[in-house]
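Asker: Here this note's numbering is used: the sequence shown runs in plain steps of one and ends on residue 252.
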Amino acid sequence: MRREADAPVEERRLFVECHADETALAAFGQALPPLAANEAAVFLGFCYADVPVGRRFACCFRRDDPSDVELVTATVVAVTQQFGHAWDHIPHGWKTLAVLRFEPGIPAMVHDLPQGGVWYDHRASVCVADTDTWEAQQTA
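#1: Below 9 Å between beta carbons: does that hold for Val128 and Val238?
#2: If I measure Cβ to Cβ from Asp133 and keep anything under 7 Å in the same chain, skipping five residues before and after, which residues do I get?
#3: Count the other CB atoms within 10 Å of the CB of Thr208; is the residue buried (16 or more) or exposed (fewer)?
#4: Sort Ala198, Gly157, Leu147 by Cα distance to Phe214 and report the nearest one.
#5: Output needed for Arg167: all residues of its chain with C-beta closer than 6 Å, excluding positions within five of it in sequence on either side, in chain order.
#6: Go through the stretch 197 to 240 residue by residue and report every complete run of the alpha helix (DSSP H) that reaches 4 residues or more, in order.
#7: Is the beta carbon of Pro145 closer than 9 Å to that of Asp200?
#8: To the nearest angstrom, how far is it from the Cα of Asp244 to the Cα of Ala190?
#9: Roughly how many angstroms lie between the CA atoms of Ala267 and Met113, to the nearest whole one?
#10: Just tell me which of Pro178, Cys130, Gln142, Glu122 has its CA closest to the CA of Phe195.
#11: How far does the beta strand (DSSP E) with Leu183 in it reach, from first residue to last?
Structure (C-alpha cells):
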C-alpha cells in the first residue's frame with residue numbers, strides 16, 4: 113500500500129494503455145458499469161499509489177510529448193482486474209481495467225487510442241494527472 117501523498121509529484125499519473133475491446137469487457141469487465149458517452153473503459157499501466165474510485169484528475173497529456181496537453185476533468189468511476197470483481201481503488205503497483213469519466217467529453221488523444229484485449233497489447237501513451245504532475249513533466 114502506498115498513499116498518494118507518499119508518491120513524488122512527478123509520478124502521480126495514470127498510464128492509459130488502450131481501450132478495452134469487447135473480448136476484454138466480456139472476460140474481465142463484468143463488474144464495470146455500462147459506459148456513458150463521456151466514459152471510457154481502459155487498460156491502465158502500473159499505478160503509482162492506491163488511487164480511490166472518485167479521484168478526479170485535471171488533465172491528459174501524451175507520455176512522449178507532455179507539451180501536448182488537454183485540460184479536462186478525468187474521474188476514476190470503476191476499477192477491476194483479471195478477477196472481474198469491483199474494487200474501491202486502483203491498488204499501488206497493479207495494472208487494472210478501469211472506467212474513466214471525462215468532462216466535458218473524452219479528449220481526442222484518449223478517444224483515438226487503439227483497442228486491446230489484454231494488458232500489454234499497446235504501450236501506454238497517454239497520462240491522466242493533475243496539472244502539478246504535468247508541469248513536473250515539462251522540466252523532466
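Cβ coordinates follow ideal geometry from the N, Cα and C atoms, glycine included. For clarity, every value in this text was computed on a predicted model and none was experimentally measured.
Answerer: On the basis of the coordinates in this document:
#1: Yes; because the gap between Cβ atoms is below 9 Å, this pair is in contact.
#2: Excluding sequence neighbours, Asp133 sits near Gln227, Gly228, Gly229.
#3: Thr208 should be labelled buried.
#4: The candidate whose alpha carbon is nearest that of Phe214 is Leu147.
#5: Cβ-Cβ distances below 6 Å link Arg167 to Val188 in the same chain, with the five nearest sequence neighbours on each side left out; the list follows chain order.
#6: Taking only runs of at least 4 residues, the alpha helix (DSSP H) segments lying wholly in the stretch 197 to 240 are 220 to 223.
#7: Not in contact: Asp200 and Pro145 (Cβ atoms no closer than 9 Å).
#8: Straight-line spacing of the CA atoms in Asp244 and Ala190 works out to 24 Å.
#9: Past the edges of the chain, shown from 113 to 252, lies residue 267, and the structure says nothing about it.
#10: Taking Phe195 as reference, the option from Pro178, Cys130, Gln142, Glu122 with the minimal CA-CA separation is Gln142.
#11: Unbroken beta strand (DSSP E) run through Leu183: 181 to 192.
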